[in-house]
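Trainee:
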Amino acid sequence: MKHKLLIVGAAGRMGKRLLALAANSESFKISGAVDIEEHQDLGKDSGLLAGCEATEVSLTSGYPSGADVTVDFSQPGAVDLTTDYCIKNKCPLVMGTTGLSEDQKQEIENASKIIPVVYATNMSVGMNVLFNLVGNVAGMLGDDYDVEIIEQHHRLKKDAPSGTALTLAEHICKATNQKFPDCLVHGRQGKDALREKGTIGMHAVRAGDITGVHSIAFTTLGEMVELKHTAHSRDTFARGALRAAGWIIGKKSGLYSMADVLGIK
Ligand code: NAD
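In numbering that gives the first Met the number 0, the protein residues as written are 0 to 264.
Below, the structure written as structure tokens:
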């Protein structure tokens, strides 16, 4: 039997790929496609919107009841309504939206006391392996290696630095006892911009249609070690999100990561 899937942010870049991959999957059936009230495609068939066969589920601004699992790739403003819906309907939640405030993160944590939630700033398998690895590399290299994180995304991305770049920094800080986010230096400019020891440089490139590139450079006198992840298409995130959606159904309440989903802890 297919699981009923509700997608929030359904008319967006990620939402459409989720709709298309779910429509072609053995495991899911679209039961709701939610976007903002002002969206020009409201009322249209969500399948046709995603370039596949009609699903007979239209794009709505209200959250239709009856979903087995909800996946949210929208904007931070949706967190309130999405968590409310999931709590009221006892519906597991996969939250992929980034750029959340501390209050919004707290709302997700509160919701996870009642329902199961997977929250991940990057749902690709490769990046989650890198999350697992990056702290070990930083720890082994030691504090004589300057760490700089450079992320690149398309020109329409709203938040900077990316949620993924922040998560990478968080893993490094945890492994090296640095204080996150206090040790971050966002870009450099001016006549007094000398690198300070113990800081992590964060650089956000916004250009064209780049799906997502993250590199972490560890540099000392005489050498550089570079770890790099390149996402070739949004499908890598959408597939990871659907994997998380299948995994979380039937789990007990709690806040889970993609590492839990993938079993790479
Ligand atoms: P997008 O701007 O193309 O799409 C967002 C969609 O959400 C739009 O259709 C917009 O109208 C809708 N939306 C905005 N506010 C809403 C609300 N309050 N309620 C319902 N819908 C709302 O953006 P995108 O590229 O699809 O990315 C969406 C989010 O997912 C971003 O936060 C992005 O950073 C994040 N993202 C996460 C991952 C991951 O693996 N976790 C990967 C890619 C993107």
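Don't be surprised by glycine CBs; every beta carbon is placed ideally from N, CA and C.
It should be emphasised that the depicted structure is a prediction, and the values quoted were computed from it without experimental measurement.
State yes or no: is the C-beta of ASN23 nearer than 7 Å to some heavy atom of ligand 1?
Mentor: Because no heavy atom of ligand 1 lies under 7 Å away, the Cβ of ASN23 does not count as near it: no.
Trainee: With a threshold of 8 Å between beta-carbons, can VAL117 be considered close to chain D, or not?
Mentor: Among the protein chains of the structure shown there is no chain D, as only one such chain exists.
Trainee: Give the DSSP-derived three-state secondary structure of THR229 in the structure shown.
Mentor: Here THR229 sits in strand by DSSP.
Trainee: Give the list of continuous alpha helix (DSSP H) stretches no shorter than 4 residues that lie fully inside the region 54-111.
Mentor: For the region 54-111, whole alpha helix (DSSP H) runs of length 4 or above, ordered along the chain, are 78-87 and 101-110.
Trainee: Strictly by DSSP, which residues pair up with LEU254?
Mentor: Bridge partners of LEU254: VAL116.
Trainee: Based on Cα-Cα distance, which residue from ALA159, ILE86 and TYR144 lies nearest to VAL224?
Mentor: The shortest Cα separation from VAL224 among ALA159, ILE86 and TYR144 belongs to TYR144.
Trainee: Please enumerate, following chain order, all residues with a beta carbon closer than 5 Å to at least one heavy atom belonging to ligand 1.
Mentor: Those satisfying the condition are, in chain order, GLY8, ALA10, GLY11, ARG12, MET13, ASP34, ILE35, PHE72, SER73, GLN74, GLY76, ALA77, GLY95, THR96, THR97, ASN121, MET122 and PHE236.
Trainee: Can you tell me whether DSSP reads GLU169 as helix, strand or coil?
Mentor: If DSSP states are grouped into helix, strand and coil, GLU169 belongs with the helices.
Trainee: Which of helix, strand or coil does DSSP assign to GLY221?
Mentor: Three-state result, GLY221: coil.
Trainee: Could you have a look at MET139 and say whether DSSP puts it in helix, strand or coil?
Mentor: DSSP places MET139 in helix when its eight states are reduced to three.
Trainee: Go through its chain and collect everything with a Cβ distance to HIS343's Cβ below 7 Å, but skip five positions before and after it.
Mentor: Any question about residue 343 goes unanswered here, given that the chain covers just 0 to 264.
Trainee: Here's the rule: buried if 16 or more other CB atoms are within 10 angstroms of the residue's CB, otherwise exposed. What is GLU150?
Mentor: Buried: at least 16 other Cβ atoms inside 10 Å.
Trainee: Cα separation between LEU80 and SER252?
Mentor: Rounded to whole angstroms, LEU80 to SER252 spans 19 Å at the Cα level.
Trainee: Which residue comes first and which comes last in the alpha helix (DSSP H) that contains ARG194?
Mentor: Careful: ARG194 lies outside any alpha helix (DSSP H) and carries neither H nor E.
Trainee: Can you tell which of LEU254, CYS172 and HIS185 has the C-alpha that lies nearest to the C-alpha of ALA159?
Mentor: Nearest C-alpha to ALA159: HIS185.
Trainee: Among LYS43, GLY46, GLU37 and LYS1, which residue has its Cα nearest to the Cα of GLU25?
Mentor: With distances taken between Cα atoms, GLU25 lies closest to LYS1.
Trainee: Note the first and the last residue of the continuous alpha helix (DSSP H) segment covering ASP234.
Mentor: 234-247 is the extent of the alpha helix (DSSP H) around ASP234.
Trainee: Measure the C-alpha to C-alpha separation of ASN109 and LYS87 and round it to an integer number of angstroms.
Mentor: Rounded to the nearest angstrom, the two C-alpha atoms are 13 Å apart.
Trainee: If you pair each beta-carbon of the region 114-133 with each one of the region 228-243, do three or more pairs fall below 8 Å?
Mentor: In short, these stretches touch, since the Cβ pair count reaches three.
Trainee: Between the alpha carbons of CYS85 and VAL128, how many angstroms are there, rounded?
Mentor: Going by the C-alpha atoms only, they are around 29 Å apart.
Trainee: Could you tell me whether the Cβ atoms of THR82 and GLU106 are closer together than 8 Å?
Mentor: Closer than 8 Å, so yes.
Trainee: Kindly indicate which three-state DSSP category LEU183 falls into: helix, strand or coil?
Mentor: Looking at LEU183 - three-state DSSP - the assignment turns out to be strand.
Trainee: Any heavy atom of ligand 3 within a distance shorter than 7 Å of the CB on THR81?
Mentor: With respect to ligand 3, the structure shown offers nothing to examine, as its ligands consist of ligand 1.
Trainee: Which class does GLY31 belong to by DSSP, given the choice of helix, strand or coil?
Mentor: In the structure shown, GLY31 sits in a strand (DSSP, three-state: E or B).
Trainee: Enumerate in chain order the residues of its own chain whose CB-to-CB distance from LYS15 is below 6 Å, with the five nearest sequence positions on each side excluded.
Mentor: Counting only Cβ-Cβ distances below 6 Å, and skipping sequence neighbours, we find ALA49.
Trainee: What distance in whole Å lies between the Cβ atoms of THR96 and PRO63, which are believed to be in contact at a cut-off of 8 Å?
Mentor: Actually they are not in contact, since the Cβ atoms of PRO63 and THR96 sit about 19 Å apart, beyond 8 Å.
Trainee: Helix, strand or coil for SER214? Go by DSSP, reduced to three states.
Mentor: Correct three-state label for SER214: strand.
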